[in-house]
Structures are given as C-alpha cells and as structure tokens.
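S.K.: Supplied in structure tokens, the structure appears directly below.
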Amino acid sequence: MDHIAGVETRKIVEPSAAAVQRAIAVRAMTHIIGSAANKDALDIACGDGVIARWLAMHGAKVHALEESSEMLAEARRIESEEPLGITYITADPTDMFEFEDASFDLVTCCMSLGRIDNLSALVAETARVIRLGGRFVFAVSHPCFNIEADSPNQHDYFIEDKKNGDPNGSKHRTISTYFNTLSARGFTVRRVIEPSAEGRDVLVYPPAKKWLKTPVALAVEAVFPKI
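So for the sequence shown, the working numbering puts the first residue at -10; every next one is plus one.
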C-alpha cells in the first residue's frame, strides 16, 4: 500500500492489523471531511500526523497536538522531510490551554480517542476551541465489530475497558457513550460511516478478509451548532 488516502507516501513495510485498520479509518474520515480548503484545523492526538498531513495537502492551516514524544518526533521528522507548514505541539488534549476559545473550524482525531482516559474532558475542550458551526470528525475502532473473537459470550459490550484483541490497544467505549458525551457538550451528530475493508486492504494484509463483511471502524461527524 503506497498511499493512505493519498497522504502517506511511505510504504507499509510490515502490514499489520493496526496499520490496515487505520488506512480504512482514514479513508472514511477524509470522505466525511470533504473540502478542507482555507479551514483552521486542529488534529488532536495526531500520532505521526497522517490526518494532519492530509488536511494541509488539501489547503487547511493545521495545528496538530500529541502527548507522546515518540509519536511527535516521528511526525516532525516527516514534516522536515516533506514540509507542509504544519505546527506540531506537545499538549494534553484534555487541557488545550495553548489555544483560545473558538479558534478552529475543524477538529479531527484519528483512531486515538481510545488512548484518552477522560473522554468528557476532551470533548469539553473540543467544544471550547471549535467555532460555532464547526465540525469534529473522528474515527475509533468499531465498538461492536472490531475483533474476530468478540461476541456477547466472550466480551461484555457494556464494560468500558482496554479491549483484548484491539489492534490499537484502545479503550473500549459503547456507541452511546460517544454520542451522549458529544450531545452533553452541545454537539449534534450529523453523519456516521462504518467502513469495512476493501480488496486492496486484503491484498496488503490477507487477514483483513474478515473485515470485508463487518465494519472495522466507526467514523463520526459532529457539528457544533450555530446559535
């Protein structure tokens, strides 16, 4: 796989469940985002910057934050080799004091909410820094269908914890937890995509065949409504 949604120019040298799952999630997110031209965008828990780079390549002015020094170093290394003008910041996404209120038109988070313990605080901060009418677009491992062994007999859907077998080691949350947390902070869920694997994913990573018939991620667009 040479490109992830037209962003990643580096090949996936060692295909893995996590890498292919992220590629699927990125495709869903970028489809939801559509046009990013002239947007002030913030990518939270950005990892190595795959979504931040897509946003910058499509005309957005991008800030990206990450707590992990290792991930941020990788994002900055890629930026130094292929500059796109992204501002990378070491920051806690649950306390984004670096940014003023109503600073961004678009906030994104790709497959990283599961490593944030305090979802309510993150959504509250997102509501603070986003402009009225702005969009919060994110993707998470699908709470219902993520792992092959997951069934009512093997995993209690209602227990929110680190989900064994999740390719990203993410914390499991129910769909209602995500939607109710967004609603409590004034967001309206406008669009949901449940992407499955495609033939190209199976060519790169044959075990992804099990994802052809079930969604591997949950991609959401939530709007901070105009008053």
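Using N, Cα and C, we set each Cβ at its ideal position, and we do this for glycine too.
Keep in mind the model is a prediction, meaning the values are calculated, not measured.
I'd like to know if the region 88 to 98 and the region 63 to 77 are in contact, where contact means that at least 3 CB-CB pairs between them fall below 8 Å.
M.R.: no
S.K.: By a C-beta neighbour count over all protein chains shown, 10 Å radius and 16 as the cutoff for buried, is E87 buried or exposed?
M.R.: As a position in the sequence shown, residue 87 is number 98, starting the count at 1. Flag for E87 reads exposed.
S.K.: Just the Cα atoms here: how many angstroms apart are V205 and C99?
M.R.: On the sequence shown, residue 205 is found 216 positions in, with the first residue counted as 1. On the sequence shown, residue 99 is found 110 positions in, with the first residue counted as 1. Looking at the two C-alpha atoms, the distance is approximately 13 Å.
S.K.: Decide if P72 is buried, meaning its Cβ has at least 16 other Cβ atoms within 10 Å, or exposed.
M.R.: The sequence position of residue 72 within the sequence shown is 83, counting from 1. With fewer than 16 Cβ atoms within 10 Å of its Cβ, P72 is classed as exposed.
S.K.: Looking at the structure shown, is G123 part of a helix, part of a strand, or coil, going by DSSP?
M.R.: Counting from one through the sequence shown, the residue named residue 123 turns up at place 134. Strand.
S.K.: Between which two residues does the beta strand (DSSP E) containing E55 stretch?
M.R.: The sequence position of residue 55 within the sequence shown is 66, counting from 1. Note, E55: beta strand (DSSP E), K50 to E55.
S.K.: When the Cα atoms are used, what is the spatial distance from N79 to K28?
M.R.: Against the sequence shown, residue 79 aligns to sequence position 90. Against the sequence shown, residue 28 aligns to sequence position 39. Correcting the residue type first, residue 79 is Thr in the shown sequence and not Asn. Those two C-alpha atoms are separated by around 22 Å.
S.K.: Three Cβ pairs or more, each shorter than 8 Å: is that satisfied between the region 115 to 129 and the region 169 to 178?
M.R.: Yes, since at least three Cβ pairs between the region 115 to 129 and the region 169 to 178 fall closer than 8 Å, the two stretches touch.
S.K.: Does DSSP put A91 in a helix, in a strand, or in coil?
M.R.: Counting from 1 along the sequence shown, the entry for residue 91 is found at position 102. In this structure, A91 counts as coil in the three-state DSSP scheme.
S.K.: According to DSSP, simplified to helix, strand and coil, what is R16?
M.R.: Residue mapping note: residue 16 aligns to position 27 of the sequence shown, counting from 1. Reduced to three states, the DSSP call for R16 is helix.
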